[in-house]
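Engineer:
In this note's numbering, the protein residues as written are 6 to 347.
1) Can you tell me whether residue 75 is helix, strand or coil according to DSSP?
2) Residue 236 and residue 148: beta carbons closer than 9 Å?
3) Between residue 92 and the rest of its own chain, which residues show a CB-CB distance below 7 Å, the 5 nearest in sequence each way excluded?
4) Check the C-beta distance from residue 269 over to residue 281 and give it rounded, since I have them as a contact under 8 Å.
5) Alpha carbons only, please: which of 288, 279, 309, 312 is nearest the one belonging to residue 297?
6) Quick one: what does DSSP say residue 213 is sitting in, helix, strand or coil?
7) Cutting at 8 Å between CB atoms, please list the residues of its own chain near residue 274, excluding the five before and the five after it.
8) Please classify residue 40: does DSSP put it in a helix, a strand, or coil?
9) Report yes or no: do three or more beta-carbon pairs, one from the region 47-60 and one from the region 11-30, lie closer than 8 Å?
10) Measure the Cβ-Cβ separation of residue 256 and residue 287 and say whether it is below 9 Å.
11) Check whether the region 14-27 touches the region 228-248, counting contact only when three or more Cβ pairs, one atom from each stretch, lie closer than 8 Å.
12) Using the C-alpha atoms, what's the distance from residue 295 back to residue 336?
13) Pick helix, strand or coil for residue 95, following the three-state DSSP scheme.
14) When DSSP labels each residue in this structure, what does residue 33 get in the three-state scheme?
15) Between residue 170 and residue 206, how many whole angstroms is the CB-CB distance? I'm expecting something under 8 Å.
16) Could you spell out where the alpha helix (DSSP H) holding residue 351 opens and where it closes?
17) Need the endpoints of the beta strand (DSSP E) that residue 128 sits in, please.
18) Am I right that residue 101 and residue 215 are in contact with their C-beta atoms under 8 Å? What's the rounded C-beta distance?
19) Using three-state DSSP, classify residue 306 as helix, strand or coil.
20) Rounded to whole angstroms, what's the CA-CA distance from residue 243 to residue 192? Just pull it up for me.
21) Three Cβ pairs or more, each shorter than 8 Å: is that satisfied between the region 70-84 and the region 112-120?
22) How close, in whole Å, do the beta carbons of residue 156 and residue 198 come, if the pair is a contact with beta carbons under 8 Å?
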């Protein structure tokens, strides 16, 4: 097994366009940590922008990240924050065959969608393509009732003993809870549960690699190959796990930091603000309560102008009131009266 490690930098880059939450992925990488498949834009899986940290070239990790993103996507980054350090053994399958252990520092960046260039064959994708069970804006996702919950019931029934079954029941009931208890921030826990049960494509891929190398297999996995294709678009390595961390973090920050305004133009309608928050949180909000909370909290101020060409009554334009950052410790938009059901 590998006795060396390398440090990489991974970016979760988020935009909201036409009420669709989008994440930036690349299909090609040219650095020395890329697999042959990742160097081919036609054969590789979706990847988050990633590159090795070059201490001789970059003074800080963030500088290195910005450089790699600019090189691969042509996109300059504004708001950037560190997410987490991902260093689990075998997160890069090549470690199983003696390769180096790849530790990656994850970052999240919020941008407004722009044309792309660079070496990475970059594309914008709807992030609910990767997590279809997380979008409750039109009510309870059909994939939960039709696919996920029945599969998790089979996983519970396949437990080798009563204690294991009880632990699985508790895990399922807390992560995939009923509507009134659904926690929008537990994106990572839900993805990891589906991985543990062997229901997502990444779990089957990693199991196949271990089986080919004659290594011990996780006996908890269900063997249902047709089901994995329904549970979102797979990503390379553990990139969908990293994306889940970013989504959960962003949903949490909406409640106490004004990060949503980094995704909006300088002037916007309250309707567009609400739709952007709904796109990110995956839930429908009560219109009057949302507007009351935003206005009473001093988060925005009217500009005195109106949006033209709306097809109806002109909507008043607002802007983010930056003074709120000095006035309040918590300055998020909140999620008032979340509607999880029709």
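Here a beta-carbon is modelled for each residue, glycine too, at the ideal position from N, C-alpha and C.
Structural biologist: To lay it out plainly:
1) Note: residue 75 maps to helix in three-state DSSP.
2) Yes, Cβ-Cβ distance for residue 236 and residue 148 is below 9 Å.
3) Around residue 92: 108.
4) About 6 Å separates the beta carbons of residue 269 and residue 281, which is inside the 8 Å limit, making them a contact pair.
5) The residue with the shortest Cα to Cα distance from residue 297 is 279.
6) In the three-state scheme derived from DSSP, where H, G and I count as helix and E and B as strand, residue 213 is classed as helix.
7) The answer, listed in chain order, is 312, 320, 321, 322, 323.
8) Residue state, collapsed to three classes: coil.
9) Contact holds: three or more Cβ-Cβ distances are below 8 Å.
10) Between residue 256 and residue 287, the CB-CB gap stays under 9 Å.
11) Segments in contact, yes.
12) Cα-Cα distance, rounded: 14 Å.
13) If DSSP states are grouped into helix, strand and coil, residue 95 belongs with coil.
14) In the structure shown, residue 33 falls within a coil segment according to DSSP collapsed to helix, strand and coil.
15) About 26 Å; that fails the 8 Å criterion.
16) No answer is possible for residue 351: it lies beyond the span of the chain, which begins at 6 and ends at 347.
17) For residue 128, the uninterrupted beta strand (DSSP E) run begins and ends at 128-131, by DSSP.
18) With 8 Å as the limit, residue 101 and residue 215 qualify as a contact, their Cβ atoms being about 7 Å apart.
19) In the three-state DSSP reduction, residue 306 falls in the strand class (E or B).
20) Residue 243 and residue 192: Cα-Cα distance of roughly 14 Å.
21) As far as the Cβ criterion goes, the region 70-84 touches the region 112-120, which means the pair count is three or higher.
22) Rounded to the nearest angstrom, the Cβ distance from residue 156 to residue 198 is 11 Å, too far for a contact under 8 Å.
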